[in-house]
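Protein chains in written order, with the working numbering: chain A, 555 to 668; chain B, 202 to 315.
So, in structure tokens, the structure goes:
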């Protein structure tokens, strides 16, 4: 599969623990996005990278969330001191320079905070 | 910011009938409107998109129409098949502003009854 890859697929954690997710975008894609999706809702924008630069963050994004894309390739999303409200599907997407608005999504990481 | 409303939330049609899903957006500056299909447990996938300089676009059995004045756009699926059963999301963004941050609707669960 040469699409966007996300790991792990599922993560169960206890409240207060830290978790980290990884996203490997399609290799030629320079833009990378993180979205969050809860049951019955559409994906909600979290943050966006162009190459290694984090250019935009949602105002709704708690300071417990941090994302990196150190070499402009893969990205990590870390959630510190998880809360039950963080339970959701975390989706990564990437896009090609010439068609930046056409997002290719990964299969997501399903986070359950107990 | 942009707000996207999507209706209906659920839609059941007989195989072979047509299905129509409608979305409205709030930001008159938005100029790019994609539709994503998400099958159960799978990633969202782009199925069709339209830009604000076009009123209608077709791709085989699917079409999208846009009314900029009324700020609404619709997805039309003709000759529906069981494999069309999925959740469909509309989205809107201002393309070319450097971000391509999509604002999604809450989704429509389409069930095609054989």
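Cβ coordinates follow ideal geometry from the N, Cα and C atoms, glycine included.
Note that the structure is predicted; figures quoted are calculated from it, not measured.
- Taking the Cβ atoms as the reference, residue 301 of chain B lies roughly 5 Å from residue 654 of chain A, within the contact range of under 8 Å.
- In this structure, residue 313 of chain B and residue 214 of chain B form a Cβ contact; the two beta carbons are roughly 6 Å apart against a cut-off of 8 Å.
- Against chain A, the beta carbon of residue 296 of chain B has neighbours under 7 Å at 655, listed in chain order.
- With a minimum length of 3 residues, the unbroken runs of beta strand (DSSP E) contained wholly in the region 224 to 309 of chain B fall at 233 to 239, 246 to 252, 257 to 260, 263 to 268, 273 to 278, 287 to 293.
- Bounds of the beta strand (DSSP E) holding residue 560 of chain A are 559 to 561.
- Interface annotation, residue 303 of chain B: in contact with chain A, CB-CB separation under 8 Å.
- Residue 634 of chain A and residue 566 of chain A have their C-alpha atoms spaced approximately 14 Å apart.
- Counting only runs of 3 or more residues that sit fully inside the region 568 to 648 of chain A, the beta strand (DSSP E) segments are 573 to 578, 585 to 591, 598 to 604, 607 to 611, 619 to 622, 629 to 633, in chain order.
- The region 232 to 249 of chain B makes contact with the region 281 to 292 of chain B: 3 or more CB pairs, one atom from each, lie closer than 8 Å.
- For the region 226 to 246 of chain B, the beta-carbon criterion of a distance under 9 Å to any beta-carbon of chain A is satisfied by 233, 235, 237, 239, 242, 243, 244, 245, 246.
- At a C-beta separation below 8 Å, residue 581 of chain A has no neighbours in chain B, since its nearest C-beta there lies roughly 18 Å away.
- Cβ atoms of residue 579 of chain A and residue 648 of chain A come within 8 Å of each other, at about 3 Å.
- Under the DSSP assignment, residue 206 of chain B falls in the beta strand (DSSP E) whose first and last residues are 205 to 208.
- Around the C-beta of residue 642 of chain A, 16 or more other C-beta atoms lie within 10 Å, and the residue is accordingly described as buried.
- Residues of the region 633 to 654 of chain A whose Cβ lies closer than 9 Å to any Cβ of chain B, in chain order: 645, 647, 649, 654.
- By the Cβ rule, the region 620 to 637 of chain A counts as touching the region 577 to 591 of chain A, because three or more pairs are nearer than 8 Å.
- Between the alpha carbons of residue 573 of chain A and residue 217 of chain B lies a distance of about 46 Å.
- Using beta-carbon distances, residue 290 of chain B counts as an interface residue toward chain A, with a partner under 8 Å.
- Across the region 609 to 628 of chain A, CB contacts with chain B closer than 9 Å involve 609, 610, 612, 613, in sequence order along the chain.
- Here the alpha carbons of residue 619 of chain A and residue 276 of chain B stand approximately 35 Å from one another.
- In this structure, the CA atom of residue 646 of chain A is about 10 Å from the CA atom of residue 600 of chain A.
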